[in-house]
Ligand SMILES: Nc1ncnc2c1ncn2[C@@H]1O[C@H](COP(=O)(O)OP(=O)(O)OP(=O)(O)O)[C@@H](O)[C@H]1O
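Numbering (the working numbering), first residue to last: 5 to 296.
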């Protein structure tokens, strides 16, 4: 169990990149979601002990890893956002290099990990010629060398094609069956059916943390569907929080976030996870507007 207590990170005089975040993370996959600049990377860096909180505590199994970073470092696998491979090394040599750095002496483990990330057929190829997805998978393999209890992956699917994304999702959810996996993304479809828990960040704050089902459950009765004539679309949708507008022969079908019936004839509809999160973000924005 990883526990964050009132964690704050201030850059310079007044950039509160992470603002009083408290969070409990059990094992399984947790996805950190938020817009660019929400504070996801900063939070992950503090958990990975490569950035120090300005204040607050981060505990791994009760041990304060800000005070005792080695308690995390010996149990951590980390794939940073800007992870790069060494182009002159083959995949196998790259793994051997990191195995030596991490004091891992079992050559069979390297083979097993290359199989796990489906790179065993490419073990003797130079990583320079790998696709983005293959490089990310090699990054995961090196992160798993020391059999970490905690795996942190920053934006794992950035720049990957759909097939690579799918493979990556599968791999991370498998790892999450046994480990604590924390990943960040701003692409909701990437964590659908994969993350057991979503932590939503906005402007440094943790605004919600729950299971995907709970987010969807809460958004029920707040997402509406209605078809309007094409010529009335702009007038009718003005001022509404339109989640999706699909044009077809009979008009435009709108999916709208609203706490009550937004337009005559609108019917409540089952929200997708992405819509549920958008509804949540809208709710946050409304609360901020009210507070201003
Ligand atoms: N080293 C730094 N010095 C100053 N400000 C920083 C630094 N790193 C991040 N920030 C600022 O902190 C805030 C949070 O940034 P962070 O990278 O943690 O967000 P993020 O959610 O990971 O964004 P992205 O999805 O773009 O990676 C931003 O306003 C960013 O500009």
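All residues carry an ideal CB built from backbone N, CA and C; glycine is no exception. Please read all numbers here as calculations on a predicted model, not as lab measurements.
{"Check": "Residue from 173, 146, 184, 9 with nearest C-alpha to residue 153", "Outcome": "184"}
{"Check": "For residue 136 and residue 10, the rounded distance between their alpha carbons", "Outcome": "36 angstroms"}
{"Check": "Cβ-heavy atom distance, residue 15 to ligand 1, below 8 angstroms", "Outcome": "yes"}
{"Check": "Proximity below 9 angstroms, CB of residue 196 to CB of residue 277", "Outcome": "yes"}
{"Check": "Alpha carbon of residue 7 to alpha carbon of residue 66, nearest angstrom", "Outcome": "8 angstroms"}
{"Check": "Three CB pairs or more closer than 8 angstroms across the region 204 to 216 and the region 259 to 274", "Outcome": "no"}
{"Check": "Identity of the residue in 245, 250, 156, 233 nearest residue 269 by Cα", "Outcome": "233"}
{"Check": "Within 9 angstroms, strictly: CB atoms of residue 284 and residue 192", "Outcome": "no"}
{"Check": "Cβ neighbour criterion (16 or more within 10 Å) applied to residue 78", "Outcome": "exposed"}
{"Check": "Whole runs of the alpha helix (DSSP H) within the region 147 to 223, excluding any shorter than 4 residues", "Outcome": "166 to 180, 216 to 223"}
{"Check": "Boundaries of the beta strand (DSSP E) in which residue 250 is found, first to last residue", "Outcome": "245 to 252"}
{"Check": "Residue 173, buried or exposed, once every other Cβ within 10 Å from all chains shown has been counted against 16", "Outcome": "buried"}
{"Check": "Touching by the beta-carbon criterion (3+ pairs, under 8 angstroms), the region 162 to 170 and the region 99 to 110", "Outcome": "no"}
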